[in-house]
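Notes follow once the structure below has been shown.
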Amino acid sequence: MSANFYFGVEVFLNGLMAGVMYSLVALGFVLIFKASGIFNYAQGVMALFAALTLVGFQNGQIPFAHLINAIFGTDLHHFGWHMPAFLAILCALGVMILFAFIVERYILKHLVNQEPIILFMATIGLAYFMEGLGDLMWGSDIKKLDVGIPQGGNIWLEEKTAFLGGEDFYGFYLDNLDIWATVLAAILVTSLVLFSQYTKTGRALRAVADDHQAALSVGISLRTIWVIVWSIAGFVALVAGIMWGSKSGVQFSLSLIALKALPVLMLGGFTSIPGAIIGGLIIGVGEKMFEFLIGAPFLGGATENWFAYMLALLFLVFRPQGLFGEKIIERV
Amino acid sequence: MKMTKLAAFAATAMTMASPVLADLVFPSLSYRTGPYAAGGIPFADGYADYFTMVNARDGGIGGVPIKMIECETGYNTEKGVECYESTKGEGALVYQPLSTGITYQLIPKVTADGIPLHTMGYGRTSAANGKVFSNVFNYPANYWNGASNAVNHILDLNGGDINGKTIALVYHNSAYGKEPIRTLEELSKKHGFKLSLLAVDHPGQEQKSQWLQIRREKPDYVVMYGWGVMNQVAVQEAANIRFPMENFIGIWWSGGEHDVLPAGDAANGYKALTFHGVGKDYPVFADVQKYVVEPGNAAGAGDQIGTAVYNRGFYAAMLAVEAAKTAQEIHGVKDITPAMMRDGMEALVIDEAKMTALGMPNFGPSFSVSCENHGGPGLGGVAQWDAGAKEWKLISDFAPSDMEVIGDLIVEDSMAFAAENNIEERCK
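Heads up: the sequence lines are chains A and B, in that order.
So for the first sequence, UniProt numbering puts the first residue at 1; every next one is plus one.
So for the second sequence, UniProt numbering puts the first residue at 1; every next one is plus one.
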């Protein structure tokens, strides 16, 4: 086999890995949509907020320090500690759970039985509010995120595969961070599936997803379920924030990763957890292979963004509910 | 009693009759929010702190206080134009929008309104031709100078011969990122290197394809025209594929501390171009500390002083103040108008003696602006990141760019603009 063939395989593998990163973001959307029918526009900002909070805890940053200093003329910045990554992750998770309570108490509770578009609008407001709040709490500078996940090409894999493809091939390149993301995504999805299939809360969650009214009639508390779902989505956002933030530092453009999740959702469906994963993999591989085979050599490159949407659109034409989404039947 | 009232009235009348000097208005079209805030904040802080220092230390420019009006653009072109429209009526003397997109929209507006526009190191490169662009200035260097500065540095590293070498351009897929392509293509013909183009779509969070391509093609050097998150991801990806950092050269907009710090030690050796000094080892920063930071008047937290992009904002404000002084000298009035400011910018002379007197020795190149040349000399230096010390180190002098190539391109592009817009050449 020629080196070019193996380079193609390398692009394919990296496409799969990139797809997993997209799926991590898409998962949060699916969880909330499945349980409440809300398309949560704020999911990308939740990833940003979670990552900002995590770094803030790690570095012992005083929240709202700029505001406090401006009002009281103080010079506060840090508590002076460096929190271990695991503890900081737990604290950030605590904040995301608190956030879920606040969202349910002050937004969702007041919007029960409203049109989906109203709920969608509420999440747009929430997104901008959180972005501003994150800025005010933690500042808008770029923060280095290091929770101990290794980065850089996997040298072992490179060396072991270097013999393939002759002199022009240097072995397969896979980023350690992406490998970790894949492992974490696998654990996350398995846990979510087990949780929804085999726990009482999980079954209640599925009941709410199937039919709100029926779930209420058998005594399931919609409000509790919403808090749980938003908490889990907050946890997924934290994982996505860690993975993406490790690549680029934690900064406000992190919220734009939601754009990468949209074609995944269009393709995988808004209600299927496996759909989010498979959709992510198809989008990741599709866009990377298109860029490798056609985009870069013939179209000047930078085709990934639009190709992902075009691919998703193509699927939509033939299967509007997505690959794994439930067919929506409106009875007249 | 009547006499007292009369005296008071006379005194008031006399005060009102004497000329009252209005403030000199310098709008700051900044972006402290959004995905590009990390670069926007230090620039805005540097720009504001210089004006604050001049007000506190010198009582303004020629005794007239400076009034800086800040307007948030979020790096959004529409908002930038709104900021321009809402502030121009305040007597704005010069605009520096820190965005190529906003610049393109403002060029016809400032020309019609008679207000100068200074796009230092960005914007429309061919605006360097003052014969066509009466109100636009982009001294002391522009994008095309940057491309040539990068190639010149590579030439220096290779004893002046890069025939057969490959240079990859990783660029933001926008008007800004595409600016150097034409220049690099011309330089490629001249020096015989192979140019490989790799576009990165906004915002640049995902660049796996581009860096896998670089890993496959193994270019000798990578030049980057990035902004925002694209820079941090590119530096990290380059480190991931173990591309030699000393062969990776970013334009000045890819050369902030925030661009390299997230990658940690892996970013060590990365290079970036600059047209001004780096670090805080300049006497003027003692004044900033004394007149701005200590009284609690710093634009930000006061922690950006000496960073690359802060220094750029600071330098931009210094050039604006010196142009205002020149305008005051030319016209013999303190209370200058935007038209006078334009004249001051066109007659600006920056030399080492002036910079030393300002407490900024060797902070930037010496240059003069003329009616024909609004772009300055196009001198650029190279800074290298020291990850251990967490600071940029200038590793070259401010060296000239290839004006033989760039000059022709500027004339060609600006004359096409003049023909499209029926602009008659000035400076005859």
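C-beta: ideal position from N, C-alpha, C; glycine also.
C-beta neighbour in chain A for residue i, strict 7 Å
i                      : result
B:K325                 : no
B:K280                 : no
residue 482 of chain B : A query on residue 482 of chain B cannot be resolved here, the shown segment of chain B reaching from 1 to 428 and no further.
B:V349                 : no
B:A37                  : yes
B:D201                 : yes
B:A17                  : Confidence at B:A17 is low in this model, with a pLDDT of 47, below 50, so its placement is unreliable and the value that follows should be read with caution. By this cut-off, B:A17 is not an interface position.
B:V233                 : yes
B:L195                 : no
B:H258                 : yes
B:E246                 : no
B:M14                  : With a pLDDT of 46 at B:M14, under the threshold of 50, the modelled position of that residue is not reliable, and no figure is offered here.
Closer than 7 Å at the beta carbon, the chain A residues around residue i
i                      : result
B:D49                  : In chain order: nothing, as chain A lies at least about 16 Å away.
B:N173                 : A302
B:G228                 : S253
residue 439 of chain B : Past the boundaries of the shown model lies residue 439 of chain B; chain B is included only from 1 to 428, so the question cannot be answered.
Amino acids of chain A, ordered along the chain, whose beta-carbon sits closer than 8 Å to that of residue i
i      : result
B:R242 : G152, G153
B:D236 : Here residue 236 of chain B turns out to be Gln, not Asp, going by the sequence shown. In chain order: Q151, K247, S248.
B:G296 : G73
Residue-level contact to chain B via CB, residue i, 7 Å cutoff
i      : result
A:Q251 : yes
A:A18  : yes
A:G301 : yes
A:I277 : no
A:L262 : no
A:K34  : no
A:N59  : no
A:K160 : no
A:Y198 : no
A:Y173 : yes
A:K288 : yes
A:N40  : no
A:N113 : no
Presumed contact (8 Å Cβ cut-off) between residue i and residue j, rounded CB distance
i      : j      : result
B:I115 : B:A92  : 6 Å
A:A3   : A:G166 : 6 Å
A:F290 : A:T303 : 6 Å
B:Q205 : B:P42  : About 21 Å separates the two Cβ atoms, so there is no contact after all.
beta-carbon residue i near the ligand FAD non-hydrogen atom, thresh 6 Å
i      : result
B:A418 : Absent from the structure shown: the ligand FAD. Ligands present: none.
Neighbour-count burial assignment, residue i, 16 or more Cβ in a 10 Å radius
i      : result
A:L194 : exposed
B:W211 : buried
B:C83  : buried
B:A389 : exposed
B:E412 : exposed
A:D141 : buried
B:H276 : buried
A:M1   : exposed
B:T100 : buried
B:K290 : exposed
A:W230 : buried
A:T224 : exposed
B:G306 : buried
B:P262 : buried
A:L314 : exposed
B:I410 : buried
Chain-ordered chain B contacts of residue i [CB-CB under 8 Å]
i                      : result
A:I242                 : In chain order: nothing, as chain B lies at least about 14 Å away.
A:V11                  : S209, L212
residue 337 of chain A : Since the displayed chain A opens at 1 and closes at 332, residue 337 of chain A lies outside it and no answer follows.
Partners in chain B for residue i, counting only beta-carbon separations shorter than 7 Å
i      : result
A:F7   : R216
A:L256 : P35, P203, Q205
Proximal residues of chain B, C-beta to C-beta of residue i below 9 Å
i      : result
A:F292 : S209, L212, Q213
A:S2   : Within 9 Å Cβ-Cβ: nothing; A:S2 doesn't reach chain B, min ~12 Å.
Identity of the residues DSSP links to residue i by a beta bridge
i      : result
B:T274 : B:G381
B:S196 : B:A168
A:M289 : Answer is none; A:M289 lacks a bridge partner.
B:A418 : Answer is none; B:A418 lacks a bridge partner.
B:I61  : B:V64
B:P27  : B:I69
B:A92  : B:V25
B:V392 : Checking the sequence, you will find Trp at residue 392 of chain B rather than Val. Paired residue(s): B:W385.
B:S368 : B:V349
Under 9 Å from the C-beta of residue i: neighbouring residues of chain A
i      : result
B:R32  : D135, S140
B:L198 : A296, G301, A302
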